[in-house]
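Numbered per UniProt numbering, the sequence shown spans residues 1 to 600.
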Amino acid sequence: MSRIQGDRTCGSAQMGSHVPDTGAPISAPTFQVPERKIVAVDHPCIVVNLENGLRSFGPKPNFQKLVDDVQEPQALPLWFRPDNPASKPIVSHHAATNNILLKITVPKRTGRKRKRGSDEPFPRNANILDPTTMTSRMDTVGSVARRDGPRTILRRLQDNPDQYQAEAVGMVRDSHRYRGLADFQFANSNNPFLRNVAEHLLPLSFPKLREFKLKEGVATDLGLEIVPPPHFTDKVIGFNYNYEQNPGIIDQGLDEEGETRLINRQGRNKFSYGHFIHHDAFPAPDRPTRMDGEAQKMPESLMQQLRDAMEKRPVWTRRAIVNQVRGNYTESVLKVALQLMGYQFRGGPFRDAIVKYGVDPRHDPKYRQYQTLSFKLAKNLVGSTKVPWQTIRRGQVKSYTKNDDPTSHIWDGESYSTDGKLWQICDITDPFMIDIIANAPVRSECDLGESGWFQRGTWQKIKAAMKTKMIAITKDRLGSENDDPPKKGYIYNSFIASRLALYPDESDKPFTVSLEGLLRPLHDLESGRKRRRAPAPKDRATVAATPDSLGGPEGDQEEESAPWFLDRNNANAEVFSLDRGWENIVGSDVEDEDVVGEED
């Protein structure tokens with residue numbers, strides 16, 4: 001849609017022939033562009049009916065202001081619902097352009113047909129007009145109602161190579177475009193109040209005015225007739241999401257099942273020799289993914305040591321098998337070599353363990369000794385005082401160094417190494433833990449998601465006992481069974497055993513043993529320290545005069561807190577029973593994190 005100002009009025013421009021340029025080579029016709037003020041309006045809708053398209057600009061659109069020479073360009077409002085007075089318009093914005101308005105005239109299609117590929121003349125029909133005798137008043141504008149499709153225009157130009165005419169109407173220096181977002185519209189078609197106003201007030205009839213009445217009282221029902229706000233949203237510019245395909249992914253066609261095969265070009269191919277499968281994926285892989293590239297450059301001494309270790313036992317943690325290696329090898333070489341030796345599980349009872357190719361520990365209960373336990377163990381206390389934050393940060397960022405202790409993967413129940421967070425059942429040498437594991441019942445089928453070949457109750461007790469002793473070791477509060485009498489604030493194996501006896505072994509219900517009861521001696525010691533404080537000044541005389549206060553303020557506090565201490569350690573407080581249910585004794589402190597990746 002264009003507005004033309006000059007020697008021609010709005011509408012179809014007169015057709016003219018092109019003026020050849022005598023100085024230019026004979027190649028293509030040259031046209032002179034008249035000086036006219038033309039402003040283009042890009043309607044956001046497909047205009048099928050020209051009258052309806054003009055009605056969308058309002059009852060009295062002022063197109064003249066678009067072509068007036070003013071400093072500030074004027075905006076032109078547009079209504080998507082011109083018949084609804086409550087609808088809000090969108091406003092155009094001015095854009096400078098450098099386009100040419102062309103008028104192309106081609107003969108009308110007569111409807112006559114002839115055989116395809118034939119040059120014979122069209123058959124005569126008296127009811128069909130000859131294009132050579134058609135007058136200009138029979139011409140129609142074809143650039144409306146989707147009649148100016150590119151394929152249609154191209155076909156007409158091909159059918160009439162010598163009978164079309166082209167004319168440059170003028171330059172389009174200004175355009176008005178609608179790129180903003182329309183505001184939400186308030187639907188008032190079913191509003192009883194507005195219907196009442198339209199029926200009685202808008203006709204401007206006195207009898208109708210007398211019939212106009214307002215509903216009395218306070219409206220309490222749904223759908224109250226509330227005056228809408230002037231604007232529902234302040235977002236007038238569309239979001240530019242910049243949707244695009246992942247540049248690092250390329251399409252490699254279809255696979256055997258007809259699915260699109262996508263390849264990551266940015267993947268680290270030199271480390272993609274092994275398998276990292278889910279805990280419920282079958283069958284287990286029996287060979288690496290490939291044996292080319294870096295796999296051909298592995299040191300034979302390293303590969304032989306790894307093969308000997310796999311013959312010794314088929315399942316290892318990364319820390320345990322690296323402790324068997326003698327010699328200095330880089331981290332990149334060890335990564336490739338370990339992937340050539342075995343595969344890993346993403347989760348389940350054998351999570352992150354390196355399993356020998358061709359061996360599936362989920363098929364035989366004899367492999368239960370190779371199940372893994374993972375714990376979150378902080379290497380540094382972030383809340384420690386008098387320690388620079390740079391020192392704490394350097395301790396948390398771990399660089400690869402070969403551990404000098406070849407037994408760091410073994411846990412003896414008295415200390416542990418922080419160079420990893422993964423342990424195996426077969427690497428536990430603590431007599432207390434061995435007794436629990438040896439007397440544990442064995443499942444008939446492997447629990448792929450959690451406990452493996454152990455019952456879920458036993459598996460949770462094993463993890464709870466091991467985590468409790470690790471916390472006690474960290475706080476230097478692990479007592480010995482030879483202590484006589486037992487030290488207050490220390491954790492003993494007998495205490496852990498008494499607390500774990502409350503939980504059943506042969507239970508297959510999903511639950512987690514709470515650490516609150518197992519760590520209660522540590523909490524009692526800390527609470528007792530907070531309670532031991534001197535009495536108030538007004539009570540000192542009473543304390544000094546009392547015969548029972550020979551122990552001083554601290555002794556008095558011990559007597560006061562003794563019933564509380566005994567009550568907190570009452571074993572009957574959390575005795576398991578089927579009537580109480582699991583929710584009263586279930587915690588979430590032992591469950592290891594489900595982080596997919598390599599062992600630290």
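Glycine included, C-beta positions come from ideal geometry on N, C-alpha and C.
Note that the structure is a prediction, hence the values are computed from the model and not measured.
If distances are taken between C-alpha atoms only, which option among F432, R177, M298 comes closest to A96?
Numbered from its first residue, the sequence shown carries residue 96 at position 96. The closest CA to that of A96, considering only F432, R177, M298, is found on R177.
So, is T458 buried or exposed, given that buried needs 16 or more other C-beta atoms within 10 angstroms?
By 1-based counting over the sequence shown, the position of residue 458 is 458. Result: buried.
Rounded to the nearest angstrom, how far is the Cβ of D430 from that of D412, given a contact under 8 Å?
As a working mapping, residue 430 is identified with position 430 in the sequence shown. As a working mapping, residue 412 is identified with position 412 in the sequence shown. Contact between D430 and D412 holds: CB atoms are separated by about 6 Å, below the 8 Å threshold.
Classify Y503: buried if its beta carbon has 16 or more other beta carbons within 10 angstroms, exposed otherwise.
Taking the first residue of the sequence shown as position 1, residue 503 is located at position 503. Classification for Y503: buried.
What runs of the alpha helix (DSSP H), each 4 residues or longer, lie entirely inside the UniProt domain "Transcription factor IIIC subunit 5 HTH" (226–376)?
Inside the UniProt domain "Transcription factor IIIC subunit 5 HTH" (226–376), DSSP marks whole alpha helix (DSSP H) runs of 4 or more residues at positions 300–312, 318–323, 331–341, from first to last along the chain.
Can you tell me where the alpha helix (DSSP H) with F206 in it begins and where it stops?
For the purposes of this step, residue 206 is taken as residue 206 along the sequence shown, with counting starting at 1. From DSSP, the alpha helix (DSSP H) with F206 extends over 206–211.
In the DSSP assignment, find the unbroken alpha helix (DSSP H) run with A497 in it and report its ends.
Stepping through the sequence shown from its first residue, residue 497 is reached at position 497. Note, A497: alpha helix (DSSP H), 493–500.
If you draw a straight line from the C-alpha of P107 to the C-alpha of Q163, how long is it?
Counting from 1 along the sequence shown, the entry for residue 107 is found at position 107. Counting from 1 along the sequence shown, the entry for residue 163 is found at position 163. Between P107 and Q163, the C-alpha separation is close to 7 Å.
Starting from N190 and walking both ways along the alpha helix (DSSP H), at which residues does that stretch end?
Along the sequence shown, read from residue 1 onward, the residue named residue 190 stands at position 190. Run containing N190: none; DSSP gives neither H nor E here.
Please identify the residue among K37, A309, N190, L157 whose C-alpha is closest to the C-alpha of N84.
Position 84 of the sequence shown, counted from the start, is the residue given in the question as residue 84. Answer by Cα proximity: N190.
Hey, L522 and I496: beta-carbon distance below 8 Å or not?
Working through the sequence shown from its first residue, we reach residue 522 at position 522. Working through the sequence shown from its first residue, we reach residue 496 at position 496. Contact flag unset, no.
Output the distance between the C-alpha atoms of D292 and N493, rounded to the nearest integer angstrom.
In the sequence shown, counting from the first residue as 1, residue 292 sits at position 292. In the sequence shown, counting from the first residue as 1, residue 493 sits at position 493. So the two alpha carbons sit approximately 52 Å from each other.
Measure the Cβ-Cβ separation of F184 and F232 and say whether it is below 8 Å.
Counted from its first residue, the sequence shown places residue 184 at position 184. Counted from its first residue, the sequence shown places residue 232 at position 232. In contact: F184 and F232 (Cβ atoms closer than 8 Å).
In this structure, what does DSSP give as the bridge partners for S175?
Translated into the one-based positions of the sequence shown, residue 175 becomes position 175. A40, A95, per the DSSP bridge assignment.
Rounded to whole angstroms, what is the Cα-Cα separation between R151 and F31?
For this step, residue 151 is matched to residue 151 along the sequence shown. For this step, residue 31 is matched to residue 31 along the sequence shown. C-alpha of R151 to C-alpha of F31: approximately 25 Å in a straight line.
Spatial neighbours of residue 678 within its chain, please: C-beta separation below 7 Å, excluding the five flanking residues on both sides.
Outside the displayed span of the chain (1 to 600) sits residue 678, for which this structure offers no information.
Does DSSP put T105 in a helix, a strand or coil?
Against the sequence shown, residue 105 aligns to sequence position 105. Reduced to three states, the DSSP call for T105 is strand.
For D505 and P441, which I take to be in contact (beta-carbon distance under 8 Å), what is that distance rounded to the nearest angstrom?
If you number the sequence shown from 1, residue 505 lands on position 505. If you number the sequence shown from 1, residue 441 lands on position 441. Rounded, the Cβ-Cβ distance is 6 Å, consistent with contact.
In the DSSP assignment, find the alpha helix (DSSP H) that holds G53 and state where it starts and stops.
Within the sequence shown, residue 53 is the residue found at index 53, counting from 1. Its alpha helix (DSSP H) spans residues 50–55.
Leaving out five residues on either side along the sequence, give the residues of the same chain with a beta carbon under 7 Å from the beta carbon of L578.
The residue you call residue 578 lines up with position 578 of the sequence shown. At L578 the pLDDT is 36, less than 50, meaning the model places this residue with poor confidence and gives no usable figure here.
Compare the C-alpha of L338 against each of E450, R351, I410, Y357 and name the closest.
Here residue 338 refers to the residue found at position 338 of the sequence shown. Answer by Cα proximity: Y357.
Secondary structure at D427, three-state DSSP: helix, strand or coil?
In the sequence shown, the residue the question calls residue 427 occupies position 427. The answer is helix: DSSP assigns D427 an H, G or I state.
Quick one: which unbroken beta strand (DSSP E) runs of 3-plus residues sit fully inside the segment 446–473? Chain order, please.
452–454
In whole angstroms, give me the CA-to-CA distance for V33 and I46.
Residue numbering aside, residue 33 sits at position 33 when the sequence shown is read from its first letter. Residue numbering aside, residue 46 sits at position 46 when the sequence shown is read from its first letter. Those two C-alpha atoms are separated by around 28 Å.
Of all the options E256, N62, N264, which has the alpha carbon lying nearest to the alpha carbon of Q249?
The residue you call residue 249 lines up with position 249 of the sequence shown. At residue 249 the sequence reads Ile, which differs from the Gln that was named. Minimum Cα distance to I249 is reached at N264.
Let me see if you follow: with CB-CB separation under 8 Å, is I90 close to chain B or not?
In the structure shown, chain B cannot be found, because there is only a single protein chain.
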